[in-house]
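Novice: Below you will find the structure I want to go over with you.
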Amino acid sequence: MGMLWPTLELMLGRRCDCAMAGGRQVLTGKMNVGDFVAFNTYMMQLTWPVIALGWVINIFQRGTASMVRIEEILSQQPEIADEVQIGHRVIGPSGHRKINQCR
């Protein structure tokens, strides 16, 4: 988003500057009206793709940041174990039980 709005404002500002310069050229006869209208139309048509591109880049970056946070959470080891092995016994939520021993 930090690059989208400045780029968009730059494009719109350049369009206004070019429109003023183009208007002068039309009045002095250096440019015909059709070229002037075509240029302004092309500049207006570029506005929406720049907005859409910025929107997609923003969504991608938010998704990437979210994925990094999710991976951090999923990679954490719990501080409390569900079952603890003491000697030949496993103690945990299912109570005391013996580990299968080789005979």
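Numbering (our numbering), first residue to last: 1 to 103. Built from N, CA and C at the ideal position, the CB exists for glycine as well. In this text, all values refer to a predicted model and were calculated from it rather than measured experimentally.
1) Can the beta-carbon of residue 8 be found closer than 9 Å to that of residue 64?
2) To the nearest angstrom, report how far apart residue 72 and residue 56 are at their CA atoms.
3) From the DSSP output, in three-state form, read off residue 95 for me.
4) For residue 34, count neighbouring Cβ atoms within 10 angstroms of its own Cβ and tell me buried if that reaches 16, exposed if not.
5) When DSSP labels each residue in this structure, what does residue 103 get in the three-state scheme?
6) Starting from residue 61 and walking both ways along the alpha helix (DSSP H), at which residues does that stretch end?
7) Whole angstroms is fine: what's the gap from residue 17's alpha carbon to residue 11's?
8) Sorted by chain position, which residues of the same chain lie with C-beta nearer than 8 Å to residue 26's C-beta, five sequence neighbours on each side aside?
9) I'd like to confirm the pairing. Which residues does DSSP put opposite residue 86 in its beta bridges?
10) Taking only the alpha-carbon atoms, compute the straight-line gap between residue 44 and residue 70 and give it to the nearest angstrom.
Specialist: Taking the geometry as given:
1) Not in contact: residue 8 and residue 64 (Cβ atoms no closer than 9 Å).
2) Rounded to whole angstroms, residue 72 to residue 56 spans 25 Å at the Cα level.
3) Reliability of the predicted coordinates at residue 95 is poor, the pLDDT of 49 falling under 50, and the value obtained from them is presented with this limitation in mind. Here DSSP, grouped into helix, strand and coil, assigns residue 95 to strand.
4) So residue 34 ends up on the exposed side.
5) Because the pLDDT of residue 103 is 49, which lies under 50, any placement of that residue in the model is unreliable, and the number read from its coordinates should be weighed accordingly. Coil, per DSSP.
6) In the DSSP annotation of this structure, the continuous segment of the alpha helix (DSSP H) that includes residue 61 starts and ends at 33–75.
7) Taking the CA atoms as reference points, residue 17 sits about 10 Å from residue 11.
8) For residue 26, where only same-chain residues beyond five positions count, the Cβ hits under 8 Å are 32, 33, 36.
9) For residue 86, the beta-bridge partners assigned by DSSP are 89.
10) Straight-line Cα distance between these residues: approximately 40 Å.
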